[in-house]
Amino acid sequence: MFIKRRKTRQIRVGNVPIGGGAPIVVQSMTTPDTADVKATVEQIHQLEHAGCEIARVTVNTPEAAKALPAIKQQTTIPLIADIHFDHRLALKAAEVVDCVRINPGNIGAWWKVEEVVKAVRERSIPLRIGVNGGSLERELLAKYGYPTAEALAESALNAVHALEDIGFTNMKVSLKASDVHLMVDAYRLFALQSDYPLHLGVTEAGTLLTGSVKSAIGIGMLLADGIG
593 MFIKRRKTRQ IRVGNVPIGG GAPIVVQSMT TPDTADVKAT VEQIHQLEHA
643 GCEIARVTVN TPEAAKALPA IKQQTTIPLI ADIHFDHRLA LKAAEVVDCV
693 RINPGNIGAW WKVEEVVKAV RERSIPLRIG VNGGSLEREL LAKYGYPTAE
743 ALAESALNAV HALEDIGFTN MKVSLKASDV HLMVDAYRLF ALQSDYPLHL
793 GVTEAGTLLT GSVKSAIGIG MLLADGIG
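Each number in the numbering used here corresponds to the 1-based position in the sequence shown with 592 added.
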């Protein structure tokens with residue numbers, strides 16, 4: 593079975609190419625407190641052994657940010673910092689990791705995003721614009737009434753265009769939701785309007801079994817479309 597893949601730009605997360613015809617890459621997120629270096633490193637090694645090619649860790653406290661150099665030193669696959677709310681943690685993480693993920697719906701004022709862009713630009717590392725159905729901007733919720741595929745796509749496109757306006761293009765995009773159909777439709781809408789590489793995923797997918805099924809269906813549908 594031949595699937596024609598959507599043409600995208602290419603970025604690099606560490607030594608791993610993303611998009612632009614590169615092979616599809618498997619990424620996973622750790623579950624221990626990132627401040628616990630030993631537990632986080634052990635899980636990253638387990639993930640790598642299972643075939644994971646990029647690891648993402650949450651950086652939600654100053655202690656987690658301080659742990660990043662030790663985690664990076666003891667692991668070999670590229671490391672992504674997942675940031676919510678506090679852009680100062682993104683600035684610290686950008687000194688160490690291979691990519692920073694921010695959510696335009698909860699990172700705050702635009703000047704904070706610009707500071708993060710400056711930090712990642714100095715190290716030539718990419719951003720992931722991580723739009724989430726559970727944390728859309730207030731104006732989009734007012735416009736659409738509730739999280740819709742159109743709202744998710746508009747949020748992502750707004751962020752992309754704003755970053756392009758300041759000359760930044762080293763990014764990938766995700767449009768996650770806990771509802772599989774909503775997530776799939778949002779990715780499809782965005783893919784029609786932009787050529788940035790996409791990180792595919794279902795957020796808050798549930799238990800191991802439920803999450804595995806929802807992720808397999810959602811990601812599988814998009815991959816069958818040549819998206820991702």
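Beta carbons are placed, not taken as given, at the ideal position from N, Cα and C, and that holds for glycine.
(request) Might you give, ordered along the chain, the residues of its own chain that have their beta carbon closer than 8 angstroms to the beta carbon of residue 728, omitting 5 neighbours on each side? (result) Within the same chain, Cβ atoms closer than 8 angstroms to the Cβ of residue 728 are found at 697, 739, 743, 744, 747, the five residues on either side in sequence being excluded.
(message) For the beta strand (DSSP E) containing residue 786, name the first residue and the last one.
(response) Per DSSP, residue 786 is not a residue of any beta strand (DSSP E), being assigned neither H nor E.
(request) Please classify residue 764: does DSSP put it in a helix, a strand, or coil? (result) Here residue 764 carries a strand assignment [DSSP, helix/strand/coil].
(request) In the DSSP assignment, find the unbroken alpha helix (DSSP H) run with residue 680 in it and report its ends. (result) Where residue 680 is concerned, the enclosing alpha helix (DSSP H) stretches over 679-685.
(request) Report the residue ranges of all alpha helix (DSSP H) runs contained in full by the stretch 616-655; include only those spanning at least 4 residues, in chain order. (result) The stretch 616-655 contains these whole alpha helix (DSSP H) runs: 629-641.
(request) Give the DSSP-derived three-state secondary structure of residue 794 in the structure shown. (result) In the three-state reduction of the DSSP assignment, residue 794 falls in the coil class, being assigned neither a helical nor a strand state.
(request) Could you check if residue 766 is buried or exposed, using at least 16 other CB atoms within 10 Å of its CB as the buried criterion? (result) That one is buried.
(request) Kindly examine the ligand COA and report whether one of its heavy atoms sits closer than 7 angstroms to the Cβ of residue 697. (result) Absence of the ligand COA is noted for the structure shown, with no ligands found whatsoever.
(message) Taking only three categories from DSSP, how would you classify residue 690?
(response) When secondary structure is reduced to three states using DSSP, residue 690 falls in the coil class, being assigned neither helix nor strand.
(request) Please confirm if the stretch 698-710 is in contact with the stretch 750-766, defined as three or more CB-CB distances below 8 angstroms between the two stretches. (result) Contact between the stretch 698-710 and the stretch 750-766 is present, because at least three Cβ pairs lie under 8 angstroms.
(request) Report buried or exposed for residue 602, applying the criterion of at least 16 other Cβ atoms within 10 angstroms of its Cβ. (result) Residue burial annotation: residue 602 is exposed, with fewer than 16 other C-beta atoms found within 10 angstroms of its C-beta.
(message) Taking contact to mean 3 or more Cβ pairs, one atom from each stretch, closer than 8 angstroms, check whether the stretch 800-815 and the stretch 621-630 are in contact.
(response) No, the stretch 800-815 is not in contact with the stretch 621-630.
(message) Measuring only the C-alpha atoms, how far is residue 687 from residue 722?
(response) CA-CA distance, residue 687 to residue 722, rounds to 20 angstroms.
(message) So, with DSSP's three-state summary, where would you put residue 663?
(response) Taken through DSSP and simplified to helix, strand or coil, residue 663 comes out as helix.
(message) Let's see if you can read the secondary structure: which residues bound the alpha helix (DSSP H) around residue 734?
(response) Counting along the chain, the alpha helix (DSSP H) containing residue 734 begins and ends at 730-736.
(request) Could you tell me the distance, in whole angstroms, from the CA atom of residue 777 to the CA atom of residue 768? (result) For residue 777 and residue 768, the distance between alpha carbons rounds to 10 angstroms.
(request) May I ask which residues mark the beginning and end of the beta strand (DSSP E) holding residue 611? (result) From DSSP, the beta strand (DSSP E) with residue 611 extends over 608-611.
(message) Using 8 angstroms as the threshold, is the C-beta distance between residue 622 and residue 636 below it?
(response) For the pair residue 622 and residue 636, the CB atoms are nearer than the 8 angstroms cut-off.
(request) For residue 722, name the three-state secondary structure that DSSP assigns. (result) The three-state secondary structure of residue 722, taken from DSSP, is strand.
(request) Would you check if the distance between the CB atom of residue 788 and the CB atom of residue 752 is smaller than 8 angstroms? (result) Closer than 8 angstroms, so yes.
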